[in-house]
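**Q** In UniProt numbering, the protein residues as written are 1 to 399.
(1) Can you look up residue 115 in the DSSP assignment and give me helix, strand or coil?
(2) Which one or two residues does DSSP pair with residue 43 in a beta bridge?
(3) Return the Cβ separation of residue 92 and residue 100 in integer angstroms, given the expectation that the two are a contact with Cβ distance under 8 angstroms.
(4) Using the Cβ count rule (16 or more neighbours within 10 Å means buried), how would you classify residue 215?
(5) Mark residue 393 as exposed unless 16 or more other C-beta atoms lie within 10 angstroms of its C-beta, in which case mark it buried.
(6) Considering only the beta carbon of each residue, do residue 301 and residue 281 sit closer than 8 angstroms?
(7) Tell me which residue opens and which closes the alpha helix (DSSP H) that residue 324 is part of.
(8) Going by the beta-carbon positions, is the gap between residue 325 and residue 367 smaller than 8 angstroms?
(9) Hey, how far is the Cα of residue 251 from the Cα of residue 218?
(10) Can you give the beta carbon distance from residue 73 to residue 155, rounded, assuming they're within the 8 angstroms contact cut?
(11) According to the neighbour-count rule (16 or more other Cβ atoms, all chains shown, within 10 Å of its Cβ), is residue 191 buried or exposed?
(12) Among 256, 384 and 265, whose alpha-carbon lies nearest the alpha-carbon of residue 224?
(13) What is the rounded straight-line gap between the Cα of residue 62 and the Cα of residue 395?
(14) Alpha carbons only, please: which of 106, 354, 187 and 194 is nearest the one belonging to residue 53?
(15) Within the continuous alpha helix (DSSP H) that includes residue 284, where are the two ends?
(16) Counting only the same chain and skipping the five closest in sequence on each side, list residues whose C-beta sits under 7 angstroms from that of residue 256.
(17) Is DSSP giving residue 369 helix, strand or coil here?
(18) Please determine, among 268, 270 and 196, the residue with the shortest C-alpha to C-alpha distance to residue 238.
(19) Suppose contacts are defined by Cβ-Cβ distances below 8 angstroms. Is residue 263 in contact with residue 295 by that definition?
(20) Quick check: the stretch 69-84 against the stretch 120-127, are there 3 or more CB pairs under 8 angstroms?
(21) Using a Cβ-Cβ cut-off of 6 angstroms (strictly less than) and excluding sequence neighbours within five positions of residue 157, which residues of its own chain qualify?
(22) Below 8 angstroms between beta carbons: does that hold for residue 95 and residue 60?
(23) For the stretch 28-41 and the stretch 194-214, state whether three or more C-beta atom pairs, one from each stretch, are separated by less than 8 angstroms.
(24) DSSP three-state label for residue 62, please.
(25) Residues in its own chain within less than 6 angstroms of residue 248 by CB, not counting five upstream and five downstream?
(26) At which residues does the beta strand (DSSP E) containing residue 153 begin and terminate?
(27) Run through DSSP, which three-state label would residue 307 get?
(28) Considering only the alpha carbon of each residue, which of 305, 110 and 128 lies closest to residue 346?
(29) Secondary structure at residue 24, three-state DSSP: helix, strand or coil?
(30) Restricting to Cα atoms, I'd like to know which of 348, 369 and 373 is closest to residue 354.
(31) Enumerate, from N- to C-terminal direction, the unbroken beta strand (DSSP E) stretches of 3 or more residues contained entirely within the stretch 130-154.
(32) Exposed or buried, residue 375, counting other C-beta atoms within 10 Å across all chains shown (16 or more means buried)?
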């Protein structure tokens, strides 16, 4: 049965510390707006940039995606977590226990798991990962607000005893650091070199083993998702993951047939302060390169282009992207708050993909070097499989 708090209009502000009867959580935006609801997951206070995600499934994969580091995710689909959680759906490849998203917002309360793969409830999984959640709020109102005014900085408190400190939350939200200029990739990327041999999913047995031979693909890890590695292996590659800060000489010493620049969180310009020299070195050496999401943005910076902060970003599993060169439209998974400024791309860069939602750049390739990049997430997880061919084309071209 839904609680009384869930059925109230919770898009209201209240006196500091006053709260709502029965509320055990509060979401406070940087402008002081307060949403009250029921808490879930970890207790305590968290701060981050508030974005909305339109995916109807895969909530564990989304919140475990390192690209969401420093963010609070508001799900537009009302029912969240009813399939529970399990270790096979983790997406933090470097360390499954490493925190990605810091908070979650949903309309409906989290229900007990109703899926045979569930190893624990979603509430338990949130708590184990340190994600504070608030349920029972008007997520439509939050989504409309983000669409109209952009992604705000916000704070969540989950207090099991109902003692909410609204004054402290307002101060945290107002003082939270902007996503612009933040380097968030290092904390979510690996610090050592490791091989990856797990391929895609073979229903219902689980993940398949990778090939014993094949072209070696070195992945520069800035918060790489596990399914990117799985799709590379499924396409026939041997995969070795290295820290994103690895110098170009060390990457080239591994004699890779190709290099993948991974997804990740934060401002690409900030990560680029230590990563661009490596990327330029690999490009200059003529090694085939594939960039994904943050990797797409940093490759653009490496060739002299610019990136811009988006007002609301792209977060979901139902985004239409057009391949300009083939005319094909793919429904893809997306998660980014920065975009490549197409007008700043150099003369030898050809735009290959474009968002049909807002016309923003979603891909390019170079005519002078074997470099290609996509803004969307071709590995999905969650999301449709329309773009799996990106991995097949890249790895197939290395043989």
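For every residue, glycine included, the Cβ atom is placed at its ideal position computed from N, Cα and C.
**A** In this structure, then:
(1) coil
(2) DSSP lists no partner for residue 43.
(3) 6 angstroms
(4) buried
(5) exposed
(6) no
(7) Per DSSP, residue 324 belongs to no alpha helix (DSSP H) and is neither H nor E.
(8) no
(9) 7 angstroms
(10) About 14 angstroms separates the two Cβ atoms, so there is no contact after all.
(11) exposed
(12) 265
(13) 26 angstroms
(14) 106
(15) 268-284
(16) 216, 217, 218 and 287
(17) coil
(18) 196
(19) yes
(20) yes
(21) 26, 45, 164 and 169
(22) no
(23) no
(24) helix
(25) 278, 281 and 282
(26) 153-158
(27) strand
(28) 305
(29) coil
(30) 373
(31) 132-135
(32) buried
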